[in-house]
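What follows is one structure encoded as structure tokens, with my remarks underneath.
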Amino acid sequence: MATRRISTDDGRAALSAVAAAVAASTPPSRTDTATAVRYLLQLLVEKAPGNSVEVRVPPFGAVQVVEGPRHTRGTPPNVVETDAATWIALATGTEEWADAAAAGRISASGTRADISDLLPLRP
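Using this note's numbering, the first residue of the sequence shown is number 47, and each one after it goes up by one.
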């Protein structure tokens, strides 16, 4: 089943709505958060296609990126997992990978799981 592609306009609108909510110290809507997360994951796939690292942002999405050995069964050897707010901050450049990792907001396992060189994305 093909995943619906999020348009640039829809992705940027969701990112703007999330940023506005954060600036107002209110929680962003689940719909805006989901769209923003999925849009940024989509951009990551476009920037670093491949199947050697799985990036998970539960409950909104997971993608496989970075060229290298393909993983097909069980838990992949290279996994990055984080929450939606941290993913959005990392992908938009409002937070550095090292800071989020030091604070324990990123779980990265495997020799290829440090994707800091791919961030931030340019939404």
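Yeah, the Cβ is synthetic: ideal placement off N, Cα and C, and Gly gets one too.
Inset, instruction - On the DSSP bridge assignment, give the partners of residue 127 in chain order. - result: Taking the first residue of the sequence shown as position 1, residue 127 is located at position 81. Paired residues: 102, 153.
Legend entry - Rounded C-alpha distance that separates residue 157 from residue 163: By 1-based counting over the sequence shown, the position of residue 157 is 111. By 1-based counting over the sequence shown, the position of residue 163 is 117. Using only the alpha carbons, I get a separation of about 14 Å.
Inset, instruction - Say whether the stretch 140 to 148 touches the stretch 105 to 114, bearing in mind that this needs 3 or more beta-carbon pairs closer than 8 Å, one atom from each stretch. - result: no
Legend entry - Nearest residue (CA-CA) to residue 166, options 100, 136, 68, 108: Residue numbering aside, residue 166 sits at position 120 when the sequence shown is read from its first letter. Nearest option by C-alpha distance: 136.
Legend entry - Three-state secondary structure assigned by DSSP to residue 112: In the sequence shown, residue 112 corresponds to position 66, counting from 1. The answer is coil: DSSP assigns residue 112 none of H, G, I, E or B.
Legend entry - The alpha helix (DSSP H) enclosing residue 56, as first and last residue numbers: One-based indexing of the sequence shown puts residue 56 at position 10. Per DSSP, residue 56 belongs to the alpha helix (DSSP H) from 54 to 69.
Legend entry - Cβ-based burial, residue 159 [other Cβ within 10 Å; buried from 16]: Residue 159 sits at position 113 when you count from the first residue of the sequence shown. Residue 159 is buried by the Cβ-count criterion.
Legend entry - Residues of its chain near residue 155, where Cβ-Cβ distance is below 6 Å and the 5 sequence neighbours each way are ignored: As a first step, residue 155 must be located in the sequence shown, where it is residue number 109. Closer than 6 Å at Cβ, skipping near neighbours: 125.
Inset, instruction - Could you tell me whether the Cβ atoms of residue 161 and residue 101 are closer together than 8 Å? - result: Locating residue 161 in the sequence shown gives position 115, counting from the first residue. Locating residue 101 in the sequence shown gives position 55, counting from the first residue. Yes, the pair counts as a contact, with Cβ atoms nearer than the cut-off.
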